[in-house]
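Chains as they are written, first to last, in this note's numbering: chain L, 1 to 231; chain B, 1 to 182.
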Amino acid sequence: MSASSTEHTMELLQAELDGELDAHSRAELARLLLADPRVRSLRDGLRRVGGQLDALGHVEPPAGLKDSVMRSLPAASPVAASRPRPWRSGSWRYAALLAGVVVTGAAVVRLTSGQFGPEAEMAGTLAAPRSGLPSVATLAGAGGPLGSVSLARDAAGMRLTVELAAGVPLDLRVADREHSLEINGLGQGRTVLRLPGLADAGQPLELRFLASGHEVAQAQVQLPAASGGAQ
Amino acid sequence: MVLVSEQDDGTLVQRSIQGDRAAFEQLVVRYQKPVYNVALKLLRDAEEAKDIAQTTFLKAFEHLQDYDRNYRFYSWIYRIAINESLTVLGRRKSLEPISGAELDESPGPDLEAEGEQTRTAIEDALMRLTPELRAVVVLRHVVQLSYEDMAEALALPEKTVKSRLYSARQQLRGILEQQGAV
């Protein structure tokens with residue numbers, strides 16, 4: 001076997017061991033096994049190692065682990081622990097306008113100032129933002145939960161997903177350190193807003209939801225500066 | 001394999017975010033065993049594994065709102081556990097990898113049953129891998145994640161996961177053959 005064919009064969013053998021072989025590859029491996037005793041030997045060796053590793057098994061965790069974990073949790077709920085800072089009313093510029101709403105619930109927005117930054121591509125974030133601000137927030141209204149918001153970034157740019165349970169249309173005011181914008185008439189259900197250039201990673205995004213001009217909910221969200229382990 | 005539906009985890013996460021501690025307790029009950037075992041197999045130290053498990057759940061609780069529901073909850077929590085374990089391993093880097101001479105000090109066949117001896121040999125061999133290779137082996141063989149889930153948990157491309165798993169198994173095979181354990 002050449003080095004490349006050996007590598008390919010090992011890839012097939014490994015996929016077989018891990019139960020990830022598709023039908024086509026299974027047939028290919030069957031042919032290789034029939035034709036070459038070295039492949040059969042490789043497979044035997046790999047299976048032995050795999051079998052021994054599987055036999056490592058699970059050890060029961062210490063009896064008091066769960067209670068110990070629960071005792072160590074902060075008294076406040078995750079929501080309370082990361083509740084947005086109070087709004088500095090009057091310091092926000094609400095001059096931005098919604099440029100247009102396109103089909104499938106996506107909105108195109110125009111910023112009040114500054115240029116859109118480069119659109120970075122990043123996989124969805126498992127990691128916690130380093131500042132501690134969440135990328136997802138629930139919207140708590142006076143009469144109960146109003147919905148949730150989540151901020152993410154993909155190949156197309158910043159994406160703010162708003163899910164509302166409110167029975168009346170709400171206006172949304174969004175602001176970061178340099179820009180602000182307003183989106184009118186968000187209805188019940190899910191709306192995806194594209195926010196190119198707004199709230200670059202690491203910069204907090206402040207959201208205010210209004211009904212008939214009165215604030216009914218608020219939230220702060222933020223993306224981590226870079227993807228990485230959740231620490 | 002972890003046989004839970006994502007919706008169930010998602011519901012528990014949502015309830016936990018809303019302040020329902022019993023919901024988070026269910027997540028702890030559900031994942032304490034695999035999380036503890038991931039840490040134990042990476043560190044081979046029961047006390048440290050317990051500490052890692054506790055820290056993992058505490059960090060998960062504190063960052064529940066940051067958990068991206070596009071991913072599986074268990075991938076996220078295993079990632080926290082692995083990162084925490086790698087940090088601990090980094091602190092005791094000077095002790096790793098365990099040398100062959102140290103491995104030879106393991107109890108002989110007259111002191112252990114054959115099955116136990118084999119398991120010890122495998123665990124010894126695992127500790128001779130780099131932590132990164134050990135992590136893929138643990139995720140595959142201890143918590144039985146798929147390639148896709150491993151890629152999520154390690155924040156690596158699936159191709160890299162397969163390549164690491166291949167390297168890890170080749171090295172383990174070599175070590176075990178050297179010891180006459182395969």
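All C-beta atoms in this analysis are idealised placements derived from N, C-alpha and C, irrespective of residue type, glycine included.
Straight-line gap, residue 17 (chain B) to residue 24 (chain B) (C-alpha atoms, nearest Å): Distance between the alpha carbons of residue 17 (chain B) and residue 24 (chain B): 9 Å.
Test item: CB-CB of residue 220 (chain L) and residue 206 (chain L) under 8 Å: One thing to note: residue 220 (chain L) has its Cβ within 8 Å of the Cβ of residue 206 (chain L).
Opening and closing residue of the beta strand (DSSP E) in which residue 193 (chain L) lies: Run containing residue 193 (chain L): 189-194, per the beta strand (DSSP E) assignment.
Beta strand (DSSP E) segment containing residue 70 (chain B), residue limits: If you look at residue 70 (chain B), you'll find it isn't in any beta strand (DSSP E); DSSP assigns it neither H nor E.
C-beta contact flag for residue 163 (chain L) and residue 147 (chain L) at 8 Å: Contact: yes.
Residues, ordered as in the chain, of the segment 23-46 of chain B that lie near chain L by beta-carbon distance below 9 Å: Sequence-ordered contacts of the segment 23-46 of chain B with chain L read 24, 25, 28, 29, 32, 33, 34, 35, 36, 37, 40, 41, 46 [C-beta pairs closer than 9 Å].
8 Å Cβ cutoff, residue 192 (chain L) in contact with chain B: Output row for residue 192 (chain L): interface = no.
Which of helix, strand or coil DSSP assigns to residue 137 (chain B): DSSP, read as helix, strand or coil, puts residue 137 (chain B) in helix.
Residue 99 (chain B) to residue 52 (chain B) span [Cα, whole Å]: At residue 99 (chain B), the pLDDT of 40 sits below 50, so the modelled position is not reliable and the matter cannot be decided from this model.
Within-8 Å CB hit, residue 8 (chain B) to chain L: Among the residues facing chain L, residue 8 (chain B) is not included, as its CB has no counterpart in that chain under 8 Å away.
Where residue 104 (chain B) falls, given that 16 or more other Cβ within 10 Å makes a residue buried: For residue 104 (chain B), the pLDDT reaches just 41, beneath the cut-off of 50, and the residue's location in the model is therefore unreliable, although a value from the coordinates is still provided. If you draw a 10 Å sphere on the C-beta of residue 104 (chain B), you find fewer than 16 other C-beta atoms in it, and that means exposed.
Expected contact under 8 Å - CB spacing of residue 85 (chain B) and residue 152 (chain B) to nearest Å: Contact annotation, residue 85 (chain B) with residue 152 (chain B): C-beta distance approximately 17 Å; criterion of less than 8 Å not satisfied.
Where the segment 30-48 of chain L meets chain B: residues whose CB sits under 7 Å from a CB there: Residues 45, 46, 48.
Anticipated Cβ contact below 8 Å, residue 10 (chain L) with residue 166 (chain B), distance rounded: So it is a contact: roughly 6 Å between Cβ atoms.
Among B:37, B:36, B:11, B:40, the one whose alpha carbon lies nearest that of residue 26 (chain B): Just measuring C-alpha positions, the residue of B:37, B:36, B:11, B:40 sitting nearest residue 26 (chain B) is B:11.
Interface residues of the segment 132-163 of chain B facing chain L [CB-CB below 8 Å]: Going along the segment 132-163 of chain B in chain order, one finds 137, 140, 141, 142, 146, 147, 152, 155, 162 with a Cβ nearer than 8 Å to chain L.
Euclidean distance between Cα positions of residue 37 (chain B) and residue 177 (chain L): Cα-Cα distance, rounded: 44 Å.
Continuous beta strand (DSSP E) stretch holding residue 138 (chain L): start and end: Per DSSP, the continuous beta strand (DSSP E) segment holding residue 138 (chain L) begins and ends at 136-141.
Amino acids of chain L, ordered along the chain, whose beta-carbon sits closer than 9 Å to that of residue 12 (chain B): Going along chain L, no residue has its Cβ under 9 Å from residue 12 (chain B), so there is no contact; the nearest lies around 12 Å.
Opposing strand residues paired with residue 273 (chain L) [DSSP bridges]: Outside the displayed range of chain L (1 to 231) lies residue 273 (chain L), so it cannot be described from this structure.
Contact the segment 138-147 of chain B vs the segment 157-174 of chain B: 3+ CB pairs below 8 Å: Segments in contact, yes.
Sub-8 Å separation of residue 66 (chain L) and residue 35 (chain B) beta-carbons: Taking 8 Å as the Cβ cut-off, residue 66 (chain L) and residue 35 (chain B) do not qualify as a contacting pair.
Bridge partners - residue 15 (chain B), DSSP secondary structure assignment: Note: residue 15 (chain B) sits in no beta bridge, so no partner.
Listed by chain order, chain L residues near residue 129 (chain B) by CB distance under 7 Å: Against chain L, a Cβ distance below 7 Å from residue 129 (chain B) picks out nothing, because the smallest value is about 11 Å.
Three CB pairs or more closer than 8 Å across the segment 54-73 of chain L and the segment 31-46 of chain L: The segment 54-73 of chain L makes no contact with the segment 31-46 of chain L; the number of CB pairs closer than 8 Å stays below 3.
Any C-beta of chain L under 8 Å from that of residue 52 (chain B): No, residue 52 (chain B) does not count as interfacial toward chain L.
Short CB-CB distance (under 8 Å) between residue 179 (chain B) and chain L: Not a single CB atom of chain L sits nearer than 8 Å to the CB of residue 179 (chain B).
Contact with chain B by residue 206 (chain L), beta-carbon distance below 8 Å: Under the Cβ distance rule, residue 206 (chain L) does not count among the residues neighbouring chain B, no pair being separated by less than 8 Å.
Paired residues, beta bridge with residue 160 (chain L) - DSSP: In DSSP, residue 160 (chain L) forms a bridge with L:151, L:193.
First through last residue of the beta strand (DSSP E) which encompasses residue 213 (chain L): Secondary structure note for residue 213 (chain L): it is in no beta strand (DSSP E), with a DSSP letter that is neither H nor E.
Chain B contacts from the segment 49-63 of chain L (Cβ-Cβ distance under 9 Å): Residues 49, 50, 52, 53, 54, 55, 56, 57, 58, 59, 60, 61, 62.
Chain L contact residues for residue 124 (chain B), given Cβ-Cβ distances below 9 Å: Near residue 124 (chain B) there are no residues of chain L at all, since even the closest Cβ is about 12 Å away, more than 9 Å.
For residue 185 (chain L), three-class secondary structure by DSSP: Secondary structure at residue 185 (chain L): strand, using DSSP grouped into helix, strand and coil.
Nearest-angstrom beta carbon gap, residue 17 (chain L) and residue 47 (chain L) [assumed within contact, 8 Å]: 6 Å between Cβ atoms; contact.
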